[in-house]
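Okay, structure first, notes after.
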Amino acid sequence: MFGASTKPETKSEESRTKMSPAGPVTETSSQPQATAPARRAKRLEAKDVNLYYGDFHAVENVSLTIEPNKVTALIGSSGCGKTTFLRSLNRMHELTPGASVKGDIQLDGEDIYANGVDPVAVRSLIGMVFQQPNPFPTMSIYDNVAAGLNFNARKVSKSQKDEVVERSLRGAHLWDEVKDRLDRPGSGLSGGQQQRLCIARATAVSPEVLLMDEPCSALDPVATLAIEDLIGELKKEYTIAIVTHNMQQAARASDNTAFFNLDESGKPGHLVEIGPTEEIFTKPKQKETEDYVSGRFG
Amino acid sequence: MTPPPDSSVAEAPDRSIFTQETGAGGTLPKWAPWGAFVGSLVFAGAVEAALGWFTIALMLVFGALIAIFAIYAWSRTVEGRRHAKDRAVTMAIATAFGVSMAPLISLLYEVIKRGAAGINWEFFTTTSRGAITGGGAEHAIVGTLIITACAVVISVPIGIMAAIYMNEYGRGPLRRALTFFVDVMTGIPSIVAGLFAYALFELFLGPGIQMGIMGSLALSVLMIPIVIRSAEEVLKIVPDHLREASYALGTPKWKTIVKVVLPTAFAGLVTGVMLATARIIGETAPLLVTTGVVTSLNTNPFDGRMQNLAVYAYNEYRSPGVMKQASYDRAWAAALTLIVIVMLLNVVARLVYRRYKTEIR
C-alpha cells in the first residue's frame with residue numbers, strides 16, 4: 154500500500170529532514186512523483202459517528218476511513234455537517250457548549266474518545282488549519298511557528314527551535330518569502346502567506362494528521378493554487394483531510410473524496426459515499442452524488 | 003397594476019438631480035453657522051441689556067436657542083427646506099455638545115486658577131504636622147499613592163481572574179449570578195464600601211481602628227467590579243478562532259489563556275485597570291471612615307492613620323488654620339494635584355493602548 158522503501162513506523166528525525174534541504178522550487182522540479190510518502194503517517198477511522206449540538210442531531214452514522222498519506226476531501230452542500238465531522242476528528246467539536254459525540258473514532262486503532270484519553274494529547278497528534286487564516290496577532294512570524302513548542306514542550310533549545318521553524322516554513326513554501334523578517338508580526342503577511350504560516354505552525358508540532366477546514370475559501374486563486382500545491386507535498390508526511398466547497402479543488406487536490414448530504418434542512422447530515430476522487434467525479438455509485446458533482450444542485 | 007409605459011416616460015423629466023424646491027438652489031457662505039451663532043449672541047445680549055438683566059450665561063443660552071431658529075430661517079430662504087433642517091439640527095447638536103463641555107471646562111478653569119495659588123515647593127515637601135500657618139500635603143500625596151497602589155494590587159488579580167472565570171470557564175446559573183452581583187457591586191455607594199471595610203477590621207481589631215490598608219480594601223470593593231466589567235469586555239472580543247488555533251496545537255486551556263488570550267487582550271486590560279484606578283483615586287467618603295485624618299507622614303499602610311488628597315482637601319476646607327485663605331488655597335491645590343494625577347493615568351492608559359493594541363479581525 155505504501156512505498157516499499159518506507160517502513161511503516163518511520164517517524165525519525167532523519168526521514169523527516171530529508172526533504173527539507175531541498176527548497177520548494179527544486180523539490181517540485183526534481184520530484185514529479187510527489188505521492189511517495191516520506192514517512193508513514195497514521196490512519197483515522199470513524200465508525201458510526203453521530204454528532205449533536207444539544208438536542209440537534211447534526212451528523213448521523215458516518216463511517217469512513219481517512220487513509221494515511223492521502224488527501225481525503227469532504228464535500229457537500231452547506232449545513233450537511235462536514236465541518237462538524239472534521240472538528241470531531243480531533244475533539245474540537247466538544248469545545249462548543251452542549252456538543253456531544255457518539256460512536257468510535259480511531260487513530261491507528263486507538264480510540265481517541267476512550268476514557269483516559271487526553272483531548273489535548275489528541276490535538277497534538279491531529280492538527281488543524283482553519284477557514285480564516287488566524288496567526289496569533291501578538292506574535293512574530295518566528296514565534297507563531299514556534300508557538301506549539303513554546304506552549305507545550307518542556308525545554309527546547311534555541312537551535313532546535315530555529316531548525317523546526319526553518320523546516321516548517323520551508324515545508325509550507327514560505328521560507329524564502331519571510332526568512333528576512335522572521336521577527337515581524339505574522340499579521341503583516343498577505344492572506345495566502347498567513348494561511349501558509351498557519352500550516353507551518355500546525356506542522357511544527359509534528360502531528361500525524363492535518364485537518365483543513367476550507368483552508369482556501371478566504372484566498373484568491375493564486376494563493377489557493379499555492380496551498381493546493383502545498384497540500385500535495387504535505388501528504389508525503391501527513392494524513393490530510395480537507396473540507397472544501399470547491400469541487401474543482403476536491404478534484405485537483407484529493408486522492409479520496411467523501412460526499413456528505415442531508416435530506417432536508419433540520420435533518421442530520423450523513424455520508425452518501427466515499428471513494429477514489431476520480432471515481433466520485435466520473436462514475437459515482439449514488440445518483441445523489443452524480444447530481445451534486447455535475448452541478449445539478451448544491 | 004404596473005403603470006403604463008407612457009406615464010413613466012412622462013414622469014422622467016421631473017426626476018432631475020437638480021433640486022425642485024422653490025426658493026432654493028443657493029448655498030450659504032461657509033461662515034454662515036458661525037455668523038448666525040455670533041449674530042444671535044449679540045442679539046440676545048442686546049435684548050437682555052435693554053431689559054436690564056444681562057448675564058453672560060443667559061446670553062449664551064438664549065443666543066444658542068435663537069441661533070437654531072436663525073440658521074433655519076436663513077437657510078430655508080436660500081437653500082431650501084431639507085438643507086435648512088440639516089443646518090438647524092447640526093446647530094442644535096453642536097450646542098448640546100458645548101453645553102455638556104461647559105461644566106468640565108469651567109471646573110478645570112476654576113481648579114487651575116485657584117489651585118495654582120496654593121502650589122509651591124512647600125506644598126509638596128512638607129506635611130501639616132504642627133503647622134500653624136503653613137504646611138503642605140506631602141503626607142496626603144504619599145498616602146494617596148500608597149492607598150491606591152495597595153487597592154490596585156488587591157483588585158487587579160481578583161478582578162482579572164474573575165473576568166477570566168466569567169468569560170472562559172463560567173456557565174449556567176453561577177455565571178449569571180456572578181454577572182448580576184458584579185452589576186450590583188458597581189452601584190454600591192462608596193460610603194457603604196468604607197463602612198464594610200471598617201466593620202470587617204473592627205471585628206478583629208476592635209473599635210476605633212484606622213489604617214491605610216483598610217482604605218485600600220474599601221477602595222478594592224469599589225474597584226473590583228469595574229475591573230471585572232472592563233476586563234470581561236476586552237476578553238470577549240478576543241476571537242474564538244485564536245483559542246481554537248491554540249487548542250489545535252495541542253495546548254491545554256489554561257496555557258491558551260495565559261499565552262494567547264491575555265497577551266491579545268493586554269492593551270485593553272491595562273487601559274481598563276488605569277481607568278478603574280482613576281475612578282477610585284479621588285474617593286473621599288470611604289477613606290474618611292477607614293484611614294482617618296492625620297497631619298503627619300505615614301508610609302506604613304498596616305499601622306495607623308494615613309492621609310490622602312481628597313480627605314486633605316476636605317479637611318483644609320472644613321477646619322482652616324489661622325490663615326484661612328492659605329488653607330483654602332491648599333485645598334484647591336490638593337484638588338488640582340488629584341486632577342493632574344487622574345489625567346496622567348488617562349494619558350498613560352492611552353499611550354499603553356496605542357503601543358500594545360493588537361489588530362484583531
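Sequence lines, in order, name chains L and C.
Residues in the first sequence are numbered consecutively from 154, following the numbering used here.
Residues in the second sequence are numbered consecutively from 3, following the numbering used here.
All C-beta atoms, glycine included, are put in the ideal place defined by N, C-alpha and C.
Only a predicted model underlies this, so the values are computations on that prediction, with no experimental measurement involved.
Asked	Found
Straight-line Cα distance separating tryptophan 36/C from alanine 86/C	15 Å
Span of the alpha helix (DSSP H), counted from its first residue to its last, around glycine 120/C	83 to 120
Length of the line joining the Cα atoms of glycine 270/C and aspartate 366/L	31 Å
Threonine 410/L (DSSP reduced to helix, strand or coil)	strand
Simplified DSSP assignment, three categories, for asparagine 214/L	strand
Threonine 146/C - partner residues in DSSP beta bridges	DSSP, once it has assigned bridges, lists no residue as partnering threonine 146/C.
Counted within 10 angstroms of its Cβ, other Cβ atoms place arginine 349/L as buried (16 or more) or exposed	buried
Inter-residue Cα distance where the pair is alanine 406/L and glutamate 381/L	6 Å
Cutoff 7 Å: phenylalanine 289/L Cβ touching any chain C Cβ	yes
Whether threonine 279/C touches leucine 347/C by CB criterion (7 Å)	yes
CB contact below 7 Å: phenylalanine 283/L versus chain C	yes
The stretch 248 to 259 of chain C: positions lying closer than 9 Å to chain L by Cβ	Ser248, Tyr249, Ala250, Leu251, Gly252, Thr253, Pro254, Lys255, Lys257 and Thr258
Sequence-distant residues of the same chain with beta carbon closer than 7 Å to isoleucine 215/C, five excluded per side	Cys152, Pro303 and Phe304
Pairwise C-alpha distance: threonine 129/C and alanine 142/C	8 Å
Cα-Cα separation, serine 340/L to alanine 403/L	28 Å
Nearest residue (CA-CA) to isoleucine 343/C, options Leu205/C, Ala51/C, Tyr111/C and Thr146/C	Thr146/C
Nearest-angstrom Cα separation, counted from tryptophan 256/C out to proline 272/L	14 Å
Cross-strand partners of glutamate 198/L (DSSP beta bridge)	Thr218/L and Gln259/L
Cutoff 7 Å: arginine 307/L Cβ touching any chain C Cβ	no
Proximity test, Cβ basis, 7 Å: phenylalanine 238/L and chain C	no
Three-state class that DSSP yields for threonine 286/C in the structure shown	coil
Near-chain C residues of the stretch 324 to 349 of chain L - C-beta to any C-beta below 8 Å	Ser340
According to DSSP, residues forming a beta bridge with methionine 365/L	Val282/L and Ile395/L
The beta strand (DSSP E) enclosing threonine 225/L, as first and last residue numbers	224 to 229
Option in Ala247/C, Leu311/C, Arg245/C and Ala267/C with minimal Cα separation from leucine 237/C	Ala267/C
Contact list for alanine 274/L against chain C, beta-carbon separation under 7 Å	Gly252
Positions along the stretch 350 to 368 of chain L whose CB lies within less than 9 Å of some CB in chain C	Cys351, Arg354, Ala355, Ala357, Val358, Pro360 and Leu364
Neighbour list for asparagine 214/L in chain C, Cβ cutoff strictly below 8 Å	The premise fails here: asparagine 214/L is roughly 26 Å from chain C at the closest Cβ pair, so nothing lies under 8 Å.
Listed by chain order, chain C residues near leucine 383/L by CB distance under 9 Å	The contacting residues do not exist; leucine 383/L stays about 18 Å from chain C at best.
Within chain C, partners of alanine 300/L - CB distance below 9 Å	Ala247, Ser248, Leu251, Thr253, Lys261 and Val262
Where asparagine 243/L sits in the DSSP three-state scheme	coil
Residue from Arg89/C, Gly47/C and Ala165/C with nearest C-alpha to lysine 32/C	Arg89/C
Where the alpha helix (DSSP H) containing isoleucine 58/C begins and where it ends	58 to 80
Any C-beta of chain L under 7 Å from that of glutamate 204/C	no
Spatial neighbours of valine 215/L in its chain, beta-carbon cut-off 7 Å, leaving aside the 5 residues before and after	Ala199, Val202, Phe238, His423 and Leu424
Classification of leucine 334/C by the beta-carbon crowding that lies within 10 angstroms, buried from 16 upward	Correcting the residue type first, residue 334/C is tryptophan in the shown sequence and not leucine. Tryptophan 334/C should be labelled buried.
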